[in-house]
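Enquirer: Residue numbers (my numbering), protein chains in the order written: chain S, 60 to 545; chain G, 60 to 545; chain R, 60 to 545; chain Z, 60 to 545. Ideal Cβ positions, reconstructed from N, Cα and C, are used throughout, including at glycine. One structure follows; several queries about it will come next.
Protein chains: 4
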Amino acid sequence: EVYFNNLAKQKPKEVMEKNGSNHKLRVCVATCNRADYSKLAPIMFGIKADPQFFELDVVVLGSHLIDDYGNTYRMIEQDDFDIHTRLHTIVRGEDEAAMVESVGLALVKLPDVLNRLKPDIVIVHGDRFDALALATSAALMNIRILHIEGGEVSGTIDDSIRHAITKLAHYHVCCTRSAEQHLIAMCEDHDRILLAGCPSYDKLLSAKNKDYMSIISTWLGEDVKTRDYIVALQHPVTTDIKHSIKMFELTLDALISFNKRTLVLFPNVDAGNKEMVRVMRKKGIEHHPNFRAVKHVPFDQFIQLVAHAGCMIGNSSCGVREVGAFGTPVINLGTRQTGRETGENVLHVRDADTQDKILHALQLQFGKQYPCSKIYGDGNAVPRILKFLKSIDLKEPLQKKFCFPPVKDNISQDIDHILETQSALAVDLGGTNLRVAIVSMKGEIVKKYTQLNPKTYEDRLELILKMCVEAASEAVNVNCRILGVG
Amino acid sequence: EVYFNNLAKQKPKEVMEKNGSNHKLRVCVATCNRADYSKLAPIMFGIKADPQFFELDVVVLGSHLIDDYGNTYRMIEQDDFDIHTRLHTIVRGEDEAAMVESVGLALVKLPDVLNRLKPDIVIVHGDRFDALALATSAALMNIRILHIEGGEVSGTIDDSIRHAITKLAHYHVCCTRSAEQHLIAMCEDHDRILLAGCPSYDKLLSAKNKDYMSIISTWLGEDVKTRDYIVALQHPVTTDIKHSIKMFELTLDALISFNKRTLVLFPNVDAGNKEMVRVMRKKGIEHHPNFRAVKHVPFDQFIQLVAHAGCMIGNSSCGVREVGAFGTPVINLGTRQTGRETGENVLHVRDADTQDKILHALQLQFGKQYPCSKIYGDGNAVPRILKFLKSIDLKEPLQKKFCFPPVKDNISQDIDHILETQSALAVDLGGTNLRVAIVSMKGEIVKKYTQLNPKTYEDRLELILKMCVEAASEAVNVNCRILGVG
Amino acid sequence: EVYFNNLAKQKPKEVMEKNGSNHKLRVCVATCNRADYSKLAPIMFGIKADPQFFELDVVVLGSHLIDDYGNTYRMIEQDDFDIHTRLHTIVRGEDEAAMVESVGLALVKLPDVLNRLKPDIVIVHGDRFDALALATSAALMNIRILHIEGGEVSGTIDDSIRHAITKLAHYHVCCTRSAEQHLIAMCEDHDRILLAGCPSYDKLLSAKNKDYMSIISTWLGEDVKTRDYIVALQHPVTTDIKHSIKMFELTLDALISFNKRTLVLFPNVDAGNKEMVRVMRKKGIEHHPNFRAVKHVPFDQFIQLVAHAGCMIGNSSCGVREVGAFGTPVINLGTRQTGRETGENVLHVRDADTQDKILHALQLQFGKQYPCSKIYGDGNAVPRILKFLKSIDLKEPLQKKFCFPPVKDNISQDIDHILETQSALAVDLGGTNLRVAIVSMKGEIVKKYTQLNPKTYEDRLELILKMCVEAASEAVNVNCRILGVG
Amino acid sequence: EVYFNNLAKQKPKEVMEKNGSNHKLRVCVATCNRADYSKLAPIMFGIKADPQFFELDVVVLGSHLIDDYGNTYRMIEQDDFDIHTRLHTIVRGEDEAAMVESVGLALVKLPDVLNRLKPDIVIVHGDRFDALALATSAALMNIRILHIEGGEVSGTIDDSIRHAITKLAHYHVCCTRSAEQHLIAMCEDHDRILLAGCPSYDKLLSAKNKDYMSIISTWLGEDVKTRDYIVALQHPVTTDIKHSIKMFELTLDALISFNKRTLVLFPNVDAGNKEMVRVMRKKGIEHHPNFRAVKHVPFDQFIQLVAHAGCMIGNSSCGVREVGAFGTPVINLGTRQTGRETGENVLHVRDADTQDKILHALQLQFGKQYPCSKIYGDGNAVPRILKFLKSIDLKEPLQKKFCFPPVKDNISQDIDHILETQSALAVDLGGTNLRVAIVSMKGEIVKKYTQLNPKTYEDRLELILKMCVEAASEAVNVNCRILGVG
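Okay, structure coming up:
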């Protein structure tokens, strides 16, 4: 835990006062699918539990509302959150074009929602196309964005999206030390980056002691023992759909050969998923006695399943991220998570081109127990995030600063600088006349005021003050500085 | 000019051969408005002039197709480019919401176009919302993106958009040394960054000797002399619309007081522009004898106008970028260009809060002649860009690399590494038996093959080869390396 | 007034009870532009004034929200209606394609609004593309639609749209006897058609006595007298844009020659309007001493202006509809209102192909006073409409009936009909046996029950009842009717 | 066949000449799903076979492009048509809102396609939401629409859509005599209605002699005999989703009890279909030995399957339309086809509220053989349609005429009528003077020309001609008619 930074720059109450005494922070959390909800839910619970400080609006879009992906918006209802708006944003087509059009559909619809909600801040998670739509609309509508899980590297198109969201976001909550370093490397403002750990770890690490055997029985069958089954979760890789389908085929073959009870989750909604489902059908997975194929497992049950699995296999981010917390062996297939930080529990099969290679990996990993990893969190992310949210000063300008390394000075000038240094008020007290003048820096007299010098000191002072007041008021018009009286 | 790097890593012809002998590079240039077209047109001319190497498709969208903004798609037709597709992408509403919805509309429509064109590369310019739509759709559809003018800093929401586009783009053509450094600082791959200078400078610097007096007469009146008129071009600032309207009002007041012949261009299509037009109407600019208010000036004429103006005023990027090439004095108002590199010809009035301050700036700048600046280019950008385009190897993976500073090694393992080092083929030639074995790195024998040693050397060799072939074929299945024969 | 039908089929209170004792009728009124608002506003005021029965939600879209068209949503705010939702729905482009895309944009956005509001009924007015979007979304979402002003004929593309909306709408409020007859002719259900008159006439006819001179002075100048000025309002004709622009040019020429003070309203947002504005500019209308060019006149002031004009000229529906109520002479140009019913005050210049012809029409009409016409209403439309709304029984099926003339009977059969008539229960009480049978209509015995006849009457009755119960229960399974006991 | 009208008003060649000698009719056929393609394909083949007269562009959208619905665009490719454009137009969500948004998406995308294709006419089929989008975009873009299968009545929301499309369409091809009568009843122009019969009947009736046994074996199993299996095809009813799911459940129960080999097709993409699929899964249909569940059967094979089935059951339009041609017994469930004309082969179970009732219907219908019906066509629809297409005169105005019953004459006037009858040229040859005058119809002299009568007849004639020419040229300016010389 040492490495998680202490964020204590501002006391929240002060900020609240700054932001207007009665104003609560209106937080809009937008969730698109079961994966991002597993990270956002812990934060949402935290926000909801502090109604004095926060107002929470929940917007649901993307694959949450799709039957084929389990209508997972119901999870949110079951968690007792009010869903303010549900937006259909997915265009059918299951290819890249449909993905782009889905971003478009979301962008056409989101402004009305944001205009109605008028949130102070929108919380966006991750690196999927729906998240890009959310970030784009909030950024262009001058609404602050808190981005969760930026700075990571997976080696896919997701990287481009994730980093693009980073550029649009105003505040960053990242999960790992490397991610934090990447954000800083990409010139994000260090003051607006919080290394919190992954919010899902809060739930993960607090969930360890549950009665898990009944969960395992429910999903894998009565007779299955801990460490003696496999969880498989493989998604299409949108930059190389063909290859990822081939890889899935090999994986299923290897799993069939390996002959252990296996829970297979259906792939997510990305382009290519239909072909993968077809492969599952072709291999008879849905009716094979060793396999159970399911669309969705509630997150808290999923945790227990992977925590006690003999091995997890696939290319899900969950494998390289969450599962490390339990020391469960993981086989990560292909390049989808390339570059992700992982614990030692992960065995990569980057070039998963033969069934044998995958089978060999299963033989190596199955049943092992690795030490638990805290790379992705220590279970205290949510409190850190809430504190960070409270520290946001809405009076600070919305405009992002990018912390580029210094470049040589600009050679252009600013009028304020010129005016300030251009002229001065000069006062000459002596002689027969009192003289006050506005003098430019180059010594030229801009304006002169001359009066006969009165006799008495009192009169003289009175007059000189009057002249100075007059001159000063005029000098102000040309932005001069009064340098003194000589 | 010393600082422009020489790009000669690959000979284009080789690349063309690599990319398939008859394959030309299909370049799609998408242009959204007169501003980006002024940068893209020189490149488009260059591409069109090399039909052996390139195929050019032109897509027109955004404000090009809007009557209020001069139907500037006609410029493209006049330049004799075939417009492949025209897309209405602007949603009316003149506020931020409409801007987001316009991005959405573009994203809904672009995939069909890109699917039809199937370009090898899309060229996108700048930092406007339409460009973000283009970059998003190309990136998600796995089409290479060349981004022109990334890495710059203006200090507005445009920064977020520009840097987000950078993260989506695969190749970067930047205009200034600082921009290049910023791109590198944001961890873009140095090999994919070209410091070319601004393409508009090619035209700018080659256009100097034209007969400009008739152009000036046309736009500003018969009696106007060089260095004795003003060009004003102010756009709304979308992050602070109110203030930018106030500033425009003060500017017009100052210009009225300053009493010089002035060409005022209408603001662009951004949120807030309607209020600015209303301010123009209120001040009677359209009927004021000193003023000429126009929607659009053809770029080559505009160059001549600013090249010979007594001063340019406003917050257009043109002022801080292009105009420096001629040494024309510029007054840059407000924060829209904050952070942009400029020549010494630019006087900033960042806090343009009084008419007097602007008037003073006019008095300081009007009629001056500064040395010409080459910060933004030396007039040779287009040849550099064409060479860069030709060097693109379409067989290289599409996946972007981000050049983050090194982080500590991953502690996970890769199956290929394990398998490679795990085992070897050991051959024992001596004694009564010939023995061949697959031996693990730790010395354990994985598999053994034993045969009686034949009498004759020929037989022996034949047998040993046969055994090796057999063992090797099995060894391959477990990915072992054949270490040699002992 | 005799011809306005008395609608008194149901007492509203009964309906309210039917619809559930506490349920108010949730009415959603969607308004797109100043024209439809002038018809909808009187209804909206009526609905708002009866909060015991109605709940009103107002949705604003289309050109109401466009600066160029006067931001007329402000009229609605000034009338003190809460606007529930504002939707940008206009795609820029000013051609037919943009019009279609605008319908599309509205359809993408409206479902979310309708899902949130869950209205019992949506009120839609007229024949414009926005209205088609509203009707399409409500119809497909199974929401009742009340269409105002169906059945009329104008002779343009509007006819197709208007009649298409009629086909989607469940209830019709029409303005003229002919319109009612057209609706009936098109096979709409007579019970769901109300001939109410035009709602705008309620305001028109109640507004007659106002002090109108100050309004005339405000809009046309101090020195202008009643019956001595012209109001011109011409819109583009989307099916023949070129011609309608030419016609506008001729009209302006004729008006310039005619040399009377003239108020010219800018054309509406339809395709072609930009070119028309350009014609106005070219002819110098905005600066001509005889002309006043304005974007928008508040409806109640507009009424006074046309009521006291020497003539109204153009192709607006207002000319052929509303203006008749005052007997003001109207010159209707071109085919846009072809087929509309008009009073004798209207002089058509269908083929407005020369300036002379239009000039001649001006000479004939200017300054005349015709008798007032009640073709379009008697000033009592709103009470009729409210009563009609109250009579809507939400328990009636949503499915529309179309009243086609009878066609010959279907030769297919219905199972219920077959089953009902197929079989009967026959009971034979006499002899040694008690016999109960299920008998088909053709006399065949389907099933027989036989028992020895008991001795005592009590036993006999008991047994026969038992047998009947048994047989009946089986007969029910085959849907037979019990015919009696023989 | 007697009742199919002979359309021979114009010889096609003449029309082609009228339309411009070299101009072919550009026909755009847009198809959305397998159902409409089965009607459109025969027409498309006909168009393609006449390249001298037609140019065909094919646009594919809607569920054709959806994996879950069998990617049926491949049928079109297999039929060797070039697909010009493929548009994703379906928004996910499987409810009514998604349906509306899908119409919106299509409307946003279609204008670009239509602008590129510039068809002379668009052929649209049927009554689904996609067809409404097609008709709306073409109508608003002033493109002629030929609508196939208008005028029918099914008793659902489809009716509203179908009739709305009718109002937008310019030409109508209908399938039955009743449909024709309905179109006329709805005031469509009789001259633009063609009673052709259903195009699918052309294929149906020409396909009778094929070897069908292998097709039956392929889809239903080796051992199945003709007239001894069932084809079930039930779709959701979008106006009452719940009830239609319940009905599907009862149907499956009845089919399970009935215990015959049954081919079940998956429901179409309408709202509610996911729940229906779930019901299928719940009942174990996919693994039941008696059932075969499939997404798509090629149309020509489907024809053979229903032609030889013991019975077809469901609520598909195919059941009440196409199947009658073979005399196959049909059980039509619920209200989806209410009002459709059917042959005597159809038994309706309108109120399908018990399993018994459906079972009873199966018992009544299964295995029967009815006489073939020609209500929906005689197999010659396509030649009629092609002839009708050829007769379209593109020079006729696009504006639709609606044939409303006559209403009383308009009391407004037309300037042309006034001018024509207002004045005449009067010539008086006698006396000392030659007099020519323009005389109004009321006898007033508008303008007089007088000259001394020359002496000689030749001079007199010359002068009178000169005067007439002068007067006539002026008379033309006031639109007078020259009545003759008296």
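1. In the DSSP assignment, what residue or residues form a beta bridge with G:LYS507?
2. Would you mind telling me which residues of chain C sit closer than 8 Å to Z:LYS168, beta carbon to beta carbon, in chain order?
3. Give me, in chain order, the residues of the same chain whose beta-carbon lies closer than 7 Å to that of R:ILE138; leave out the 5 immediate sequence neighbours on both sides.
4. When you compare only the Cα positions, how much space is there between Z:GLY214 and Z:PHE113?
5. For R:PHE447, report the span of its alpha helix (DSSP H) as first-last.
6. Could you tell me whether the Cβ of S:LEU124 comes closer than 8 Å to any Cβ of chain R?
7. Just the Cα atoms here: how many angstroms apart are R:ASN512 and R:ARG519?
8. For S:ARG151 and chain Z, any beta-carbon pair shorter than 8 Å?
9. On the three-state DSSP scale, how would you describe G:THR383?
10. Contact defined as beta carbons within less than 8 Å: I believe S:VAL328 pairs with S:TYR128. What is the distance between those atoms, to the nearest angstrom?
11. State yes or no: is the C-beta of Z:SER219 within less than 8 Å of the C-beta of R:LYS226?
12. Take the Cβ of Z:LEU457 as the centre, count every other Cβ of all protein chains shown within 10 Å, and call the residue buried at 16 or more, exposed below.
13. Do R:ALA291 and R:LEU322 have their C-beta atoms closer together than 8 Å?
14. Excluding the 5 residues flanking G:ILE106 on each side, which residues of the same chain have their C-beta closer than 8 Å to its C-beta?
15. Comparing alpha-carbon positions, which option in Z:ASN349, Z:LEU324, Z:GLU208 and Z:GLU403 lies nearest Z:SER375?
16. Given that G:GLU164 touches chain Z, what residues does it touch there, using C-beta distances under 8 Å?
17. Applying a beta-carbon distance threshold of less than 7 Å, which residues of chain S neighbour Z:LYS333?
18. Please confirm whether S:ALA192 has its beta-carbon closer than 8 Å to some beta-carbon of chain Z.
19. Below 7 Å CB to CB, which residues in the same chain sit around G:GLU400 once its five sequence neighbours on both sides are set aside?
20. Can a CB atom of chain G be found closer than 8 Å to the CB of S:ALA198?
21. Are the CB atoms of Z:ASN201 and R:GLU155 within a distance shorter than 8 Å?
22. Distance cutoff 8 Å, beta carbons only. Does R:GLU160 sit that close to anything in chain G?
23. What are the residues in the region 225-257 of chain S lying within 8 Å of chain Z by C-beta distance?
24. Identify the continuous beta strand (DSSP E) that holds S:ARG351 and give its terminal residues.
25. Establish whether the CB of G:LEU146 and some CB of chain Z are separated by less than 8 Å.
26. Over the uninterrupted beta strand (DSSP E) stretch that includes R:ALA89, give me the two end residues.
27. Between the beta-carbon of R:PRO464 and the beta-carbon of R:LYS427, is there less than 8 Å?
28. Mind the definition here: the region 400-409 of chain S touches the region 312-320 of chain S only if three or more C-beta pairs lie below 8 Å; say whether that holds.
29. If the criterion is Cβ atoms closer than 8 Å, does the pair G:THR131 and G:HIS143 meet it?
30. Just list the beta strand (DSSP E) runs in the region 298-360 of chain G, keeping only unbroken ones of 3 residues or longer that don't cross its boundaries, in chain order.
Expert: With the given structure in hand:
1. G:ALA496
2. Absent here is chain C; the protein component of the structure consists of chains S, G, R and Z.
3. Strictly speaking, residue 138 of chain R in this sequence is Asp, with Ile absent from that position. So the qualifying residues of the chain are ALA100.
4. 36 Å
5. In this chain, the alpha helix (DSSP H) harbouring R:PHE447 covers 440-449.
6. no
7. Their backbone Cα atoms lie some 6 Å apart in a straight line.
8. yes
9. According to the sequence shown, residue 383 of chain G is Gly rather than Thr. The answer is helix: DSSP assigns G:GLY383 an H, G or I state.
10. 6 Å
11. yes
12. exposed
13. yes
14. The answer, listed in chain order, is VAL86, VAL88, PHE113, LEU115, LEU445 and LEU448.
15. Looking only at Z:ASN349, Z:LEU324, Z:GLU208 and Z:GLU403, the smallest Cα-Cα distance to Z:SER375 is reached by Z:LEU324.
16. First, the residue type needs correcting, since residue 164 of chain G is Leu and not Glu in the sequence shown. VAL167, listed in chain order.
17. ASP126
18. no
19. THR235, SER237 and ILE434, listed in sequence order.
20. yes
21. yes
22. Judged by the 8 Å Cβ criterion, R:GLU160 is in contact with chain G.
23. none
24. 350-353
25. Against chain Z, the CB of G:LEU146 has a partner CB under 8 Å away; the residue lies at that interface.
26. 84-90
27. No, the pair does not count as a contact, with Cβ atoms beyond the cut-off.
28. No, the region 400-409 of chain S does not touch the region 312-320 of chain S.
29. Cβ atoms of G:THR131 and G:HIS143: not closer than 8 Å.
30. Within the region 298-360 of chain G, the complete beta strand (DSSP E) runs of at least 3 residues are 321-324 and 350-353.
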